[in-house]
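Protein chains in written order, with the numbering used here: chain A, 1 to 309; chain B, 1 to 286.
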């Protein structure tokens, strides 16, 4: 009994000491880490980054010499093209440099000093790409709409494409003849979780039936195809692809009026990434010299869609 | 098993009180130590902000509790169907004789398949796949297909529980019943099954607790129930406290059920009715 008591007290003491030292060690460790992180790109003080800070050698990328870009899998046209396809990517293949976002990404990479063969694409699910935490990519392009909540979790660059929410449906569904936002209220709508499409439904349309929410856009379109919901909200270019290719007998009901700020797609980067300012500089340059417009004209269809009031 | 009070088993009168004090002190020390280590560990403030934010908990609570109603409905309806279908399967599997061989085989195949396949697969295959067939008369409601999925899944497990119960009833019971002139079916219905089912009530409750948790499967085909409600809040704020709120709701519902199951098991053990024990009943159904 006595030896048991002694050994348990000794164990207690050891554990206590271990707890205190681990608690004490961490502040100094994290202080050292943050000091070294802030020391490196010390030149980047102003919003418009200087040329030296964005030179390829001074960029802090995951793998030195390679720019790692993330995209969701499947990658949808017209943002990515499946010509030619890649076994690792369903539908669109970012590696082929075709498709709107793939072209934009390679252009940004070029302006950061990375040629096409120095770019690596990794598939990253949308939900985890925009959530806080360490990222498996240097930058991410998959139709990430800017929102203030997202901007608190990750860095979002300046916009590279304005977009409007669009309603897609099956052609023989009564929703197809709706001409106003009011008319949508009576229908069952659906959207993937955590998207600005979902926010638009609950904030602006406010349907009488609770909207259905899915893990992925694929699942929402699947539900639309079997008539479990009447309409899904997507961006306009995706609407063209979904109704032409994915849905049998699909149709675009119309684009929704912008409420508040015009939505735009941004490049997503890790929170406080040192690359963000350089990416913004690259995008600004692409806008100034017309490159971005040319890419948009080539890949984003000029065809319009009816506008809902 | 004799009483555990130390004073009755030869210890001194003060030993009972002393062991209570030791237990109390030990609990205080261990939990206090754990708490201190956790609260002082690196990253605790971030964890607290991300998972244990009081304000977000309160806000989430107001939304997840009403959404839980859908899960409860699903669990109750599915459980009712499971209890019936599983009994049919168990009886089919235990029918003796060569004439019933195909039924035994079918029941075995059913149980093997639905214990092997993950529930997520079934919910997608049935929730989206069955409506895609566009067969006339086939319902299209996600809720309906969630009930079907849960019923198919859990009947496989519960039928095995029933079968264990049936096989635990001593064959002399069936023999005695048959010798009294009861037919095979009458013996099953009046003598064997009542004893078998009573014995397996604790494992049945266990499976019911599992079924309650699996009601979140319906969220995969679009229904906004408790999990999806929490996920929507999490996606909007990137704070994970809503998930903790959902966990608390499930705990509040499950823990009383679990304690009740424990109590039932203890009572059965005391009375010698438990599945592991042996019954000496001669007269059959009690």
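Beta carbons: idealized from backbone N, C-alpha and C, even for Gly.
Check	Outcome
Whole-angstrom distance between residue 120 of chain B and residue 94 of chain A, CA atom to CA atom	29 Å
Alpha helix (DSSP H) segment containing residue 58 of chain B, residue limits	54-94
Residue environment, residue 103 of chain A, which counts as buried when at least 16 other CB atoms sit within 10 Å	buried
Per-residue contacts from residue 147 of chain B into chain A (C-beta, under 9 Å)	Those within 9 Å of residue 147 of chain B in chain A number zero; the least Cβ separation is about 15 Å.
Secondary structure, beta strand (DSSP E): runs of 3+ residues fully inside the region 168-244 of chain A	189-192, 212-214, 231-235
Continuous beta strand (DSSP E) assignments of at least 3 residues falling wholly in the region 129-154 of chain A	none
Option nearest residue 235 of chain A by Cα separation, candidates A/279, A/117, A/265, A/74	A/265
Identity of the residue in B/31, B/112, B/122 nearest residue 157 of chain B by Cα	B/112
Any 3 or more C-beta pairs closer than 8 Å across the region 180-199 of chain B and the region 251-266 of chain B	no
Cβ separation of residue 212 of chain A and residue 190 of chain A, assumed to be a contact under 8 Å, to the nearest whole Å	4 Å
Distance, residue 189 of chain B Cα to residue 207 of chain B Cα	23 Å
Close Cβ partners of residue 285 of chain B (< 7 Å) along its chain, the five nearest in sequence each way excluded	Residue confidence for residue 285 of chain B is low, a pLDDT of 41 falling below 50, so the modelled location carries little weight; the figure read from the coordinates is stated next. These residues qualify, in order along the chain: 190, 191, 194, 195.
Touch test, the region 278-289 of chain A against the region 203-220 of chain A, Cβ-Cβ under 8 Å, three pairs minimum	no
Short CB-CB distance (under 8 Å) between residue 128 of chain A and chain B	no
CB contact flag (residue 79 of chain A, residue 92 of chain A, <8 Å)	yes
Close Cβ partners of residue 332 of chain A (< 7 Å) along its chain, the five nearest in sequence each way excluded	With chain A represented from 1 up to 309, any question about residue 332 of chain A goes unanswered, as that position is not in the structure.
Limits of the alpha helix (DSSP H) - the one that residue 251 of chain A falls within	Segment 250-255 is the beta strand (DSSP E) holding residue 251 of chain A; no alpha helix (DSSP H) there.
Any chain B beta carbon closer than 8 Å to residue 140 of chain A	no
Residue 18 of chain B burial status per 10 Å Cβ neighbour count (16 or more: buried)	exposed
Test: residue 24 of chain B CB closer than 8 Å to a CB of chain A	no
Segment contact, 8 Å Cβ cut-off, at least three pairs: the region 160-171 of chain B with the region 134-148 of chain B	no
Residue of A/61, A/158, A/170, A/105 minimising C-alpha distance to residue 140 of chain A	A/105
Cα-Cα separation between residue 249 of chain B and residue 60 of chain B, rounded to whole angstroms	11 Å
Cβ of residue 183 of chain B within 8 Å of any chain A Cβ	no
Where residue 282 of chain B sits in the DSSP three-state scheme	Its pLDDT being 35, under 50, residue 282 of chain B is placed unreliably by the model, and the measurement read from it follows with that caveat. In this structure, residue 282 of chain B counts as coil in the three-state DSSP scheme.
Under 7 Å by beta carbon: chain B residues contacting residue 145 of chain A	Ordered by position in chain B, no residue passes the 7 Å Cβ test against residue 145 of chain A, which lies about 13 Å from the chain.
Whole-angstrom distance between residue 309 of chain A and residue 258 of chain A, CA atom to CA atom	10 Å
Residue interval of the beta strand (DSSP E) (run including residue 71 of chain A)	67-71
CB contact below 8 Å: residue 194 of chain A versus chain B	yes
Nearest to residue 238 of chain A (by Cα), restricted to the options A/175, A/179, A/144	A/144
Nearest candidate by alpha-carbon position, reference residue 120 of chain A, set A/148, A/68, A/222, A/89	A/68
Chain B within 8 Å of residue 257 of chain A, Cβ atoms only	no
Interface partners of residue 210 of chain A on chain B, CB under 7 Å	224
Alpha-carbon to alpha-carbon, residue 147 of chain B and residue 24 of chain A	For residue 24 of chain A, the predicted model reports a pLDDT of 39, less than 50, meaning its position is unreliable and no value from the coordinates is stated.
Whole-angstrom C-beta distance between residue 122 of chain A and residue 323 of chain A, which should lie under 8 Å	Any property of residue 323 of chain A remains undetermined from this structure, which presents chain A solely from 1 to 309.
Status (buried if at least 16 other CB within 10 Å, exposed otherwise) for residue 155 of chain A	buried
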